[in-house]
Amino acid sequence: GPGTSPGPGPGAQDGTPPQSWPGPPQDPPPPSPGRGPGRRFVVVVLAAAVFGAAVATGAVLISRGDDPGPAPKPGPTTASPTHTSASPTVTPTPTGGLPADYREVRDAAGFTLAVPKGWDRTEGKNGVFYTSPDEGSLIQIFTIEEPDTTPLESLTAASKNLSGNPGYEEVSLEETSAPEGASDAVTDDAAELVYGYDSEKLGARRKVVDFAFTAQDGQQYAVLVAGPDADWPEQEDRLATALSRFAQD
6 GPGTSPGPGP GAQDGTPPQS WPGPPQDPPP PSPGRGPGRR FVVVVLAAAV FGAAVATGAV
66 LISRGDDPGP APKPGPTTAS PTHTSASPTV TPTPTGGLPA DYREVRDAAG FTLAVPKGWD
126 RTEGKNGVFY TSPDEGSLIQ IFTIEEPDTT PLESLTAASK NLSGNPGYEE VSLEETSAPE
186 GASDAVTDDA AELVYGYDSE KLGARRKVVD FAFTAQDGQQ YAVLVAGPDA DWPEQEDRLA
246 TALSRFAQD
């Protein structure tokens, strides 16, 4: 799959309640993480790893999808993600119906997604990341492996784990349904966490939307979109567009 969550939930992506779910995007291994109760990717670690990798240390996502801004909350469950840059193995496909600045990609990690054109792909322990040229925004995707964990439970744990990040604020956390326009592969068994935090690496306030859902085949995924607080609600729009082409290989 696209990745495994190393730690618990949101701050701890591994899945063990307060550990290190990929949180705010951090450094190249750090939008952060740790392992969460069943997530194969830690949001914090993932974000950190992706952002860290892309931003070097500018975290975009606090715990799950942070750039290297806020470092994952220290703790037994927080792990430093190891981000590995890989040559993008993405195969562009027709973009009918997508915004002009997006493309559909069939990712080597086993899924299809719509991402902005010109964004760089990296892959690490916490999943797959697509990062903007200025490293200020990113999309992170990973699988949630904790058994018997609902999307809402996964994000609830993630928020707790992210709470130690600078300026962390849980804006909203709720069960929801697939975004309008999402592909049929995205079911209505879903939850969404929106949070903000201060990215020390980037020197700016970040706002993140972390969407966890059960795919048609029963596998759970998390798609995290991070960007400058001033860009909101562009992050929500990017999430919906990304999921409009979501499919599993």
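Just so we're aligned: 252 in the working numbering is position 247 of the sequence shown, and the numbers increase by one with no gaps anywhere. Beta carbons: idealized from backbone N, C-alpha and C, even for Gly. Note that the structure is predicted; figures quoted are calculated from it, not measured.
So if DSSP puts residue i in a beta bridge, which residue, or which two residues, is it bridged to?
i    : result
P121 : Y107
A209 : S204
V228 : I146 and F216
D112 : F116
Y135 : R126 and I144
P233 : R211
A162 : Paired residue(s): none; A162 is not in a bridge.
If I measure Cβ to Cβ from residue i and keep anything under 6 Å in the same chain, skipping five residues before and after, which residues do I get?
i    : result
V214 : V199, V230, Q240, E241 and L244
Q225 : I149 and T219
L103 : A119
Label residue i either buried or exposed according to how many other C-beta atoms from any shown protein chain fall within 10 Å of its C-beta, with 16 as the threshold for buried.
i    : result
D203 : buried
D112 : buried
A163 : buried
A235 : exposed
G123 : exposed
G169 : buried
G186 : exposed
Below 8 Å on the Cβ atoms is my contact criterion, and I expect residue i with residue j to pass it. Report the Cβ-Cβ distance as a whole number of Å.
i    : j    : result
A196 : E175 : Actually they do not touch by this definition, with Cβ atoms about 13 Å apart.
P156 : D194 : 6 Å
A190 : Q253 : 6 Å
R210 : G223 : With a Cβ gap of about 37 Å, R210 and G223 do not count as contacting.
L248 : P184 : 6 Å
L143 : T136 : 4 Å
Check whether chain B comes within 9 Å of residue i, counting only Cβ atoms and requiring the distance to be less than that.
i    : result
E150 : The chain labelled as chain B is not found in the depicted structure, where only one protein chain is given.
Skipping 5 residues on each side, what residues in its chain have a beta carbon closer than 8 Å to that of residue i?
i    : result
L178 : L157, L160, T161, S164, A196, E197, L198 and V199
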